[in-house]
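So the sequence shown is residues 48 to 575, counted in my numbering. By construction, the Cβ of each residue, glycine as well, lies at the ideal position given by its N, Cα and C atoms. One structure is given below, encoded as structure tokens.
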Amino acid sequence: MKTLIFCRQTTGFLRFSACQSCVVHCCSRETFNRISVALWCAKPSEAMEIPSFEIVPAWIGSNFVTLTTKAGLVHDAVEQIIEDDLRHLWLGTRLGLVRVAISQLHDFIEGKLQVITSTLIGQDEGLLRPNFWTEYQPACAKASDGRLWFCTGSGIAIVDPRQFHGDAIAPRLHIQEISIDGRVHPLVSEGNQAMEIPPGSERVEVRYSAISSSEPAQVRFRHQLIGYDRDWREAGRARVASYSYLPPGTYQFQVIGVNNDAVWSKSAATVSLRVIPSFWQTSLFRGAVVLIVTGILFAAYRARIAQIERRRAAQEAFSRQLIESQEQERHRISRELHDSLGQNLLVIKNRAALALKQPNDPAKMSEHVAEVSSMASLAIREVREIAHNLRPFQIDELGLTEAITSMVRKMGDSSSIVFESDLADIDNALSPQDQINFFRIAQECLNNVVKHSNANKSRVSILRELRRLRLIVEDDGRGLASGNSANLTGGSFGLKNIKERAYTLGGNVLVQSSPRQGTRIEVEITPS
Numbered sequence: 048m049k050t051l052i053f054c055r056q057t058t059g060f061l062r063f064s065a066c067q068s069c070v071v072h073c074c075s076r077e078t079f080n081r082i083s084v085a086l087w088c089a090k091p092s093e094a095m096e097i098p099s100f101e102i103v104p105a106w107i108g109s110n111f112v113t114l115t116t117k118a119g120l121v122h123d124a125v126e127q128i129i130e131d132d133l134r135h136l137w138l139g140t141r142l143g144l145v146r147v148a149i150s151q152l153h154d155f156i157e158g159k160l161q162v163i164t165s166t167l168i169g170q171d172e173g174l175l176r177p178n179f180w181t182e183y184q185p186a187c188a189k190a191s192d193g194r195l196w197f198c199t200g201s202g203i204a205i206v207d208p209r210q211f212h213g214d215a216i217a218p219r220l221h222i223q224e225i226s227i228d229g230r231v232h233p234l235v236s237e238g239n240q241a242m243e244i245p246p247g248s249e250r251v252e253v254r255y256s257a258i259s260s261s262e263p264a265q266v267r268f269r270h271q272l273i274g275y276d277r278d279w280r281e282a283g284r285a286r287v288a289s290y291s292y293l294p295p296g297t298y299q300f301q302v303i304g305v306n307n308d309a310v311w312s313k314s315a316a317t318v319s320l321r322v323i324p325s326f327w328q329t330s331l332f333r334g335a336v337v338l339i340v341t342g343i344l345f346a347a348y349r350a351r352i353a354q355i356e357r358r359r360a361a362q363e364a365f366s367r368q369l370i371e372s373q374e375q376e377r378h379r380i381s382r383e384l385h386d387s388l389g390q391n392l393l394v395i396k397n398r399a400a401l402a403l404k405q406p407n408d409p410a411k412m413s414e415h416v417a418e419v420s421s422m423a424s425l426a427i428r429e430v431r432e433i434a435h436n437l438r439p440f441q442i443d444e445l446g447l448t449e450a451i452t453s454m455v456r457k458m459g460d461s462s463s464i465v466f467e468s469d470l471a472d473i474d475n476a477l478s479p480q481d482q483i484n485f486f487r488i489a490q491e492c493l494n495n496v497v498k499h500s501n502a503n504k505s506r507v508s509i510l511r512e513l514r515r516l517r518l519i520v521e522d523d524g525r526g527l528a529s530g531n532s533a534n535l536t537g538g539s540f541g542l543k544n545i546k547e548r549a550y551t552l553g554g555n556v557l558v559q560s561s562p563r564q565g566t567r568i569e570v571e572i573t574p575s
């Protein structure tokens, strides 16, 4: 069965329903010339307020606000509820009679107060059995003289609110001990000498207590670790504050308390804490790390700059050698054209002129024409040799594989070295320009063997793999002294020319050589 509750408003009545076991109390108050009605409902599991509904347009809402021990009440089970003439609510619980100021309740509901402070009246204050549970309703009433009457399990309890002054003496706070990772460390002095926390400590607990003339167990606490907490922490009735993995530094712990009658302690109990840093958390260590890292970065930067400078110098040297080689090549071609080809053409011209001057002498004319033909053939061979030095004509006529085979055969015919070859077909593996570079690499390697190796036997191999080509030239000659590659610098470029051409083809060169053990040059490229 339900009980209906009606609150009068300017526009009519607002209706609420409550259980039969609830005790409903209505009160009127005048605040700033405004009249509002507050409904307080108590039932065995919780105490609730139906928020005020004012006649002015300050409408708060229609939801119930539940007040429990989390809000600061002594007990969740409220059996009786009544208001006195001094603006206090009296709550009958199974732990005793609780007094709480209505102003605190409103401040809590409006968010102005985080925790409600209440006063508990139990056996120490004269109650025989502090249990206010009863089957009778209503179980409490206010007499005309202002005294409050309550039904208890052992009889009637009468309270005169005007004579109840509560505990007016502020509680005194005291810090007892500090526990570090479960080990208790007594305090030597509070507030002055800092307690040192060893490095690497995982958990720090500060235990404190309060001295109060009435109900010391009901003292509520707030604490703050200055330097770590941004604001005060509500600790309730707990008498220990725990912190985990505090960073190195100096802190000050302070705690305050409030008694049953909302009287706060006059001063906070304090203790200073100093968390000692580990060696890797010290400023010296961090500075050393910064210096080391800075040094490493600077050394890496300098090494990179030096590498770039060396590469730039090598490029400049190669460019100079290339220009010099080109000039030498131009001079050589110019001399050959002037000395050999030019001379032959001059002889052809003179012989032709003599033949034209002796048309009546067939024998002389025939001799002159034969000489012209011979000199023309010689001029053609010289032109081919010059063209071969500019671009191997064998590549166009025979293909790259057969051109290298022909070159190996000529090297063997023109020297005492026995050349063997094992060449894979690479005619379509490279572009025309890359074919010339690859041919020149093989030519330079063979020239080094003939000019500098003093070898009896040499082997040339070309391997065609899935994504790369490998040229291997090896001999059984005298090899190189350690750290000396001068013998591999034949021609204008030598080994450097081989490396640069291989780099142009996207490859690299590996040279293996030792005195009297021969030399092995391996060129590996990746066709584009």
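Can you tell me which of the options puts its alpha carbon nearest to the alpha carbon of residue i?
i: PHE466; options: SER505, ILE473, ASP481, CYS492; result: SER505
i: ILE203; options: ARG209, GLN210, LEU195; result: LEU195
i: ASP469; options: VAL455, ILE156, LEU175; result: VAL455
i: GLU578; options: ARG230, SER260, LEU542, PRO263; result: The question about residue 578 has no answer here: the residues shown for the chain are numbered 48 through 575.
i: PRO245; options: TYR255, ALA257, SER256, HIS232; result: HIS232
i: THR164; options: ARG176, SER150, PRO177; result: SER150
i: GLN362; options: HIS153, VAL318, THR551; result: THR551
i: PRO263; options: ILE168, LEU293, VAL394; result: ILE168
i: ALA148; options: GLU130, PHE197, ASP276, VAL430; result: GLU130
i: VAL322; options: THR341, TYR290, ILE370; result: TYR290
i: LEU542; options: MET422, ASN495, LYS159, LEU384; result: ASN495
i: ARG267; options: SER478, ALA426, THR116; result: THR116
i: GLU429; options: ALA335, ARG349, GLN368, ARG379; result: ARG379
i: LEU320; options: GLN265, ILE464, ARG351, LEU272; result: LEU272
i: PRO324; options: ARG351, ILE352, PRO294; result: PRO294
Counting along the chain, where does the alpha helix (DSSP H) carrying residue i start and finish?
i: PHE485; result: 479 to 499
i: HIS153; result: 149 to 156
i: THR551; result: 541 to 551
Leaving out five residues before and five after residue i in sequence, what residues of the same chain have Cβ atoms less than 8 Å from its Cβ?
i: ALA217; result: ASN306, VAL310, TRP311, SER312, LYS313
i: ASP460; result: none
i: GLN223; result: LEU234, ARG254, TYR255, SER256
i: GLY274; result: GLY296, THR297, TYR298, GLN299
i: GLN405; result: LYS411, MET412, HIS415
Go through its chain and collect everything with a Cβ distance to residue i's Cβ below 7 Å, but skip five positions before and after it.
i: THR140; result: VAL121, HIS122, ALA124, VAL125, GLU126, PHE179
i: GLY553; result: ILE572, THR573, SER575
i: ASN555; result: ALA549, GLU571
i: PHE486; result: PRO439, ILE442, LEU447, ALA450, ILE451
i: GLU526; result: A small fix is needed here, since residue 526 is Gly in this sequence, not Glu. Hits under 7 Å: SER560, SER561, PRO562, ARG563, GLN564, GLY565, THR566.
i: GLY530; result: Bear in mind that a pLDDT of 43 at GLY530, under 50, signals an unreliable position, so the number given afterwards is only what the model happens to contain. Hits under 7 Å: none found.
i: GLN490; result: MET454
i: TYR292; result: GLU249
i: PHE170; result: The identity of residue 170 in the sequence shown is Gln, whereas the question assumes Phe. Contacts found: PRO177.
i: ALA105; result: Because ALA105 carries a pLDDT of 26, less than 50, the predicted location of this residue cannot be relied on, and no value is offered for it.
i: SER462; result: VAL497
Within the continuous beta strand (DSSP E) that includes residue i, where are the two ends?
i: LEU516; result: 516 to 522
i: ARG302; result: According to the sequence as given, residue 302 is Val; it is not Arg. Residues 296 to 305.
i: TYR290; result: 287 to 291
i: PRO233; result: 230 to 233
i: LEU555; result: Note that residue 555 is Asn in the sequence shown here, rather than Leu. ASN555 -> beta strand (DSSP E) spans 555 to 560.
i: ALA282; result: 280 to 283
i: SER508; result: 504 to 511
i: VAL251; result: 250 to 258
i: GLU262; result: Neither: GLU262 is in no beta strand (DSSP E) and is coded neither H nor E.
i: SER226; result: 219 to 227
i: SER468; result: 465 to 470
Can you check whether the C-beta of residue i is within less than 8 Å of a C-beta belonging to chain D?
i: VAL337; result: The structure shown contains no chain D; it holds only a single protein chain.
Spatial neighbours of residue i within its chain, please: CB distance less than 6 Å, with the 5 preceding and 5 following residues excluded, ordered by chain position.
i: VAL507; result: VAL455, SER468, VAL520
i: ARG146; result: HIS135, TRP137, THR166
i: LEU220; result: ALA257, VAL302, GLY304, SER312, ALA316
i: VAL600; result: Residue 600 lies beyond the range of the chain shown here (48 to 575); nothing can be said about it.
i: LEU493; result: MET458
i: SER539; result: Legend: pLDDT at SER539 = 40, less than 50; position of this residue unreliable, value from coordinates given subsequently. The residues are SER372.
i: LEU557; result: GLU569
i: SER109; result: Low per-residue confidence applies at SER109: pLDDT is 48, beneath 50, and the placement is therefore not dependable, though the value from the model is reported in the following sentence. Nothing listed; no residue qualifies.
i: LEU175; result: SER201
Within the region 389 to 458, note down every full alpha helix (DSSP H) run reaching 4 residues or more, in order along the chain.
Complete alpha helix (DSSP H) runs here, min 4: 389 to 404, 409 to 437, 440 to 445.
Flag this pair as touching only if the region 446 to 453 and the region 467 to 483 have three or more C-beta atom pairs under 8 Å; answer yes or no.
Output reads yes: the region 467 to 483 touches the region 446 to 453.
Any beta strand (DSSP E) of 3 or more consecutive residues that is wholly inside the region 176 to 210
Those beta strand (DSSP E) runs which fall completely within the region 176 to 210 and span 3+ residues are 187 to 189, 195 to 199, 202 to 206.
Across the region 328 to 341 and the region 184 to 200, are there enough close Cβ pairs to call them in contact, namely three or more that are closer than 8 Å?
The region 328 to 341 is not in contact with the region 184 to 200.
Which runs of the beta strand (DSSP E), 3 residues or longer, sit entirely within the region 108 to 139?
List check, beta strand (DSSP E) in window: 112 to 114, 125 to 130.
Beta strand (DSSP E) segments (min. 3 residues) lying fully within the region 312 to 385:
Runs of beta strand (DSSP E) with 3 or more residues, each lying fully within the region 312 to 385, are found at 316 to 322, listed in chain order.
Is there contact here, the region 337 to 352 with the region 392 to 399, by at least three beta-carbon pairs under 8 Å?
Segments in contact, no.
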